[in-house]
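Report on the following structure.
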Amino acid sequence: MLERLKHKKVPVNRITVKESKKKSVTKQLQSMCFQYPELKYLGQKAFISYTRSLDPEKAKLKAKKSKKNEVKTKYDRMFERTNQDVLSGHYSKVLGEADDDDADDFLAVKRVIDTNDLDDPAQADAGPKKVTIGHQEVIIDSKRREKALLSKKKMLKYKGSGTKLVFDEDGVARPLYELQDEDAFAQDGPAEEQRARFVEDEAARVKDADADDKERARLLRREKRLKRKAREAEDRGDMPR
1 MLERLKHKKV
11 PVNRITVKES
21 KKKSVTKQLQ
31 SMCFQYPELK
41 YLGQKAFISY
51 TRSLDPEKAK
61 LKAKKSKKNE
71 VKTKYDRMFE
81 RTNQDVLSGH
91 YSKVLGEADD
101 DDADDFLAVK
111 RVIDTNDLDD
121 PAQADAGPKK
131 VTIGHQEVII
141 DSKRREKALL
151 SKKKMLKYKG
161 SGTKLVFDED
171 GVARPLYELQ
181 DEDAFAQDGP
191 AEEQRARFVE
201 DEAARVKDAD
211 ADDKERARLL
221 RREKRLKRKA
231 REAEDRGDMP
241 R
């Protein structure tokens with residue numbers, strides 16, 4: 001490894017540290033490992049990852065398996081225990097002692113089923129989400145359709161055309177164009193009479209509107225004339241008559 005580091009121009013030099021500046025943290029680390037076993041597994045993983053990052057060829061580190069019929073060194077209780085947390089699987093892989101027969105063990109937990117899901121039949125029978133837009137029902141069965149609900153341009157084809165409304169003298173809204181069937185049209189009289197009555201009503205309405213416009217124009221001219229006289233009187237220095 002030193003040769004490879006030297007080839008990669010990574011200098012490794014020995015330094016000398018004063019003894020007075022040194023302090024052993026072995027007991028503190030041992031205490032933390034006893035108190036939090038996860039730290040031991042994370043430390044192993046960090047050491048392996050760091051060592052692999054230094055190796056240019058990314059050589060894999062494999063822990064040696066203990067052979068049978070050999071003398072076993074006495075281990076502390078911490079190394080004998082089997083943890084039941086999320087890191088226990090990682091610890092087994094690091095040591096290379098993962099059991100390949102776990103899939104055949106009928107006592108191993110394969111899947112945890114939430115009882116709340118079994119008690120909720122509505123959730124089990126729930127299908128795609130349906131949204132009513134205008135007079136049409138849209139099925140939301142994908143993320144793309146769900147995102148399309150936020151686009152006004154894409155939703156116009158479901159909303160149909162708009163209806164123009166007008167308000168009468170009582171403030172009641174009604175469609176601008178109202179169609180009648182033949183029977184309702186016949187109840188109002190012959191077509192010629194209806195046409196003459198419509199022309200007469202429209203002529204009276206236009207006449208009244210014309211009179212209102214003329215009166216409004218006359219008042220506007222009078223107001224302008226009074227303002228002009230007031231300015232002329234102010235320029236002369238006397239009051240307007």
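Using full-length UniProt numbering, read the sequence shown as starting at 1 and increasing by one per residue. Each residue gets a CB set at the ideal place from its N, CA and C atoms; glycine is no exception.
For Thr16, which of helix, strand or coil comes out of DSSP?
coil
Tell me where the alpha helix (DSSP H) around Thr132 begins and ends.
Run containing Thr132: none in the alpha helix (DSSP H); it sits in the beta strand (DSSP E), 129-133.
Rounded C-beta distance between Glu137 and Lys130? I'm assuming under 8 Å.
6 Å
Reducing DSSP to helix, strand and coil, say where Val166 ends up.
strand
Is Val138 helix, strand or coil when you go by DSSP?
strand
Buried or exposed (CB count within 10 angstroms, at least 16 for buried), residue 247:
The structure shown does not extend to residue 247, since the chain is modelled only from 1 through 241, so no value can be given for it.
Measure the CB-CB distance between Lys164 and Leu176 and report whether it falls below 8 Å.
yes
Beta bridge counterpart(s) of Ala230 as assigned by DSSP:
In the DSSP output, where bridge partners are listed per residue, Ala230 has none listed.
Alpha carbon to alpha carbon, how far is Lys157 from Glu182?
33 Å
Cα separation between Ile139 and Asp168?
Our two residues, Ile139 and Asp168, have alpha carbons roughly 40 Å apart in a direct line.
With burial defined as no fewer than 16 other Cβ atoms inside 10 Å of the residue's Cβ, what is the status of Tyr36: buried or exposed?
exposed
Just the Cα atoms here: how many angstroms apart are Ala217 and Lys207?
Put simply, the backbone Cα of Ala217 is about 15 Å away from that of Lys207.
Work out the CA separation of Arg195 and Asp188 for me, nearest whole Å.
11 Å
Express the C-alpha separation of Lys45 and Lys147 in angstroms, rounding to a whole number.
42 Å
Have a look at Ser31 and Arg144 and give me their C-alpha separation to the nearest angstrom.
54 Å
Identify, in the order they occur along the chain, each residue of the same chain with its Cβ nearer than 6 Å to the Cβ of Arg205, setting aside the five sequence neighbours on each side.
So no residue of the chain qualifies.
Distance check for Lys229 and Glu223, CA to CA, integer angstroms please.
Cα-Cα distance, rounded: 10 Å.
In angstroms with no decimal places, state the Cα-to-Cα distance between Ala203 and Lys214.
16 Å
In chain order, what residues of the same chain have a beta carbon less than 7 Å from the beta carbon of Glu19, not counting five sequence neighbours either side?
none
Sequence-distant residues of the same chain with beta carbon closer than 8 Å to Ala173, five excluded per side
Leu165, Val166, Phe167
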